[in-house]
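Participant:
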Amino acid sequence: MPYIFSYGTLRQIDIQEQLFGRKLEGEPDELLGFELSLQKAYGKYPIIVKTENHNSKIGGVAFQISEDELLHTDIYEGSEYSRIQVPLKSGKQAWVYVAK
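Position one of the sequence shown corresponds to residue -4 (my numbering), numbered consecutively onward.
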């Protein structure tokens, strides 16, 4: 089952229950080499971008979800984001949504 790294709304239990029908179990983790953008998706949601500063990091949570749940997440995140696979500080490989 794939991991997804969340730094925003997918960490909220009410969003998880609405989207997946359950509360996700996750572990805190970090994404290195990325930073928060001043740009906001849909005017209010955080977006991250890759940076040349290898000391930059984004804190979040790594959740293990099913392939079907990953497809639901694609729809939820919408057209403002692209999904890419990244290594996390823990060594896990995870999907994350970044600025297009």
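Positions of the beta carbon are idealized from the N, C-alpha and C atoms, including for glycine.
Quick caveat, the model's predicted, so the values are computed rather than measured.
1) Assuming Glu12 is part of the alpha helix (DSSP H), what are its boundary residues?
2) Relative to the alpha-carbon of Phe58, which residue among Tyr76, Ser77 and Val91 has its alpha-carbon at the smallest distance?
3) In the DSSP assignment, the alpha helix (DSSP H) including Tyr71 goes from what residue to what residue?
4) For Leu26, which beta-bridge partners are listed by DSSP?
5) Based on Cα-Cα distance, which residue from Glu30, Ser85 and Leu66 lies nearest to Val93?
6) Using the three-state DSSP reduction, which class does Leu31 fall into: helix, strand or coil?
7) Could you tell me the boundaries of the beta strand (DSSP E) in which Tyr(-2) lies?
8) Whole angstroms are fine: how far does the CA of Phe0 sit from the CA of Lys18?
Facilitator: This is what the structure holds:
1) Ile8 to Phe15
2) Val91
3) Glu62 to Glu72
4) Ile53
5) Glu30
6) strand
7) Tyr(-2) to Ser1
8) 15 angstroms
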